[in-house]
Amino acid sequence: MKEQQKSLQKFTESKTKINNLLSLKRQIAINDIRGLNTKELGLLIDAMKEKLNELDGVERDSFIYKIEVLLEDDCKNQLWEYNHNQITYAISTLIQESNRMPSKNEIALKAELSRQTVHKHLQEYLSHPLYLQHIEQFRFLTSKVLAKVFHFAVNGNMKAARLYFDVMGNLNGQLTNKTSIQNQNNYIQINGVILNQEVVKRLNTEQLNTIETILKTALLEVDNIGSKSGKSEL
């Protein structure tokens with residue numbers, strides 16, 4: 107019985123320590139937690155998680171600032187992703203509801219974040235490592251999307267063919283302001299890429315077969331369109 111009372115007393119004392127620590131009016135420092143044992147550190151972490159789930163808006167921001175020194179990188183990344191998802195959802199929803207770009211106050215209210223957090227996130231997210239990782243993930247999928255475009259192109263989809271040539275031109279560093287396919291004398295120019303007799307001679311069999319397939323299917327589509335409309339179209 108006495109041991110249970112001692113255990114309960116220690117638990118109560120630990121809870122009091124944690125509550126006093128989280129009640130500080132200033133930012134918590136490392137020195138503030140040096141006297142905590144392993145169990146008390148566990149109680150502190152649980153209390154911080156519970157507090158974060160309870161708070162929102164300015165109060166949540168103030169609490170995060172208070173415990174910032176105690177947060178590990180993984181926890182900080184989770185907080186950033188939470189804010190990013192909330193803000194993305196808020197902007198998307200508000201645009202659909204009002205057909206206009208919402209203000210920061212509206213975004214903050216919808217996202218249940220403070221205006222300061224929204225402003226800071228929008229200002230800095232482009233340079234954040236997690237956002238850059240998201241971009242790399244999209245780039246990783248580029249080849250799959252391009253393969254799908256190529257599939258439609260070789261099956262006679264002219265828009266897909268133009269997009270394919272446009273993307274390939276950009277990937278080769280040959281940027282153009284607009285899509286253009288021009289016939290000029292004895293060569294063809296596609297988005298700044300010139301295809302003449304000398305270029306054709308340097309292509310291997312597989313490359314020639316690919317171009318031949320695209321052109322044949324594209325011309326077949328043009329013929330079909332012309333027969334339906336009663337006139338020839340380029």
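Just so we're aligned, residue 107 is where the sequence shown starts under our numbering, counting upward by one. Ideal Cβ placement from N, Cα and C applies to all residues, glycine included.
CB of residue i within 8 Å of CB of residue j, strictly
i                 : j              : result
glycine 163       : serine 209     : no
phenylalanine 169 : leucine 158    : yes
histidine 190     : tyrosine 231   : yes
leucine 92        : leucine 150    : This structure does not reach residue 92, given that the chain is present from 107 up to 340, and the question cannot be answered.
valine 175        : isoleucine 124 : no
glutamine 229     : aspartate 167  : no
alanine 266       : valine 255     : yes
tryptophan 186    : leucine 127    : no
lysine 226        : leucine 200    : no
isoleucine 320    : valine 224     : no
Counted within 10 angstroms of its Cβ, other Cβ atoms place residue i as buried (16 or more) or exposed
i              : result
lysine 172     : buried
glutamate 119  : exposed
glutamine 184  : exposed
aspartate 272  : buried
threonine 122  : exposed
alanine 253    : exposed
glutamate 146  : buried
leucine 57     : This structure leaves residue 57 out entirely; the chain is present only between 107 and 340.
methionine 207 : exposed
threonine 285  : Note that threonine 285 scores 42 on pLDDT, short of 50, meaning its location in the model is unreliable; the coordinates nonetheless yield the value given after this. Under this definition threonine 285 is an exposed residue.
Secondary structure of residue i, DSSP reduced to three states
i              : result
leucine 219    : strand
proline 208    : coil
aspartate 138  : helix
leucine 314    : helix
asparagine 189 : helix
glutamine 133  : coil
leucine 236    : helix
glutamate 119  : helix
leucine 176    : helix
asparagine 126 : helix
leucine 309    : coil
asparagine 143 : coil
leucine 247    : coil
glutamine 280  : At glutamine 280 the pLDDT is 49, less than 50, meaning the model places this residue with poor confidence and gives no usable figure here.
For residue i, the residue or residues it bridges with in DSSP
i           : result
glycine 262 : DSSP lists no partner for glycine 262.
glycine 163 : Leu219
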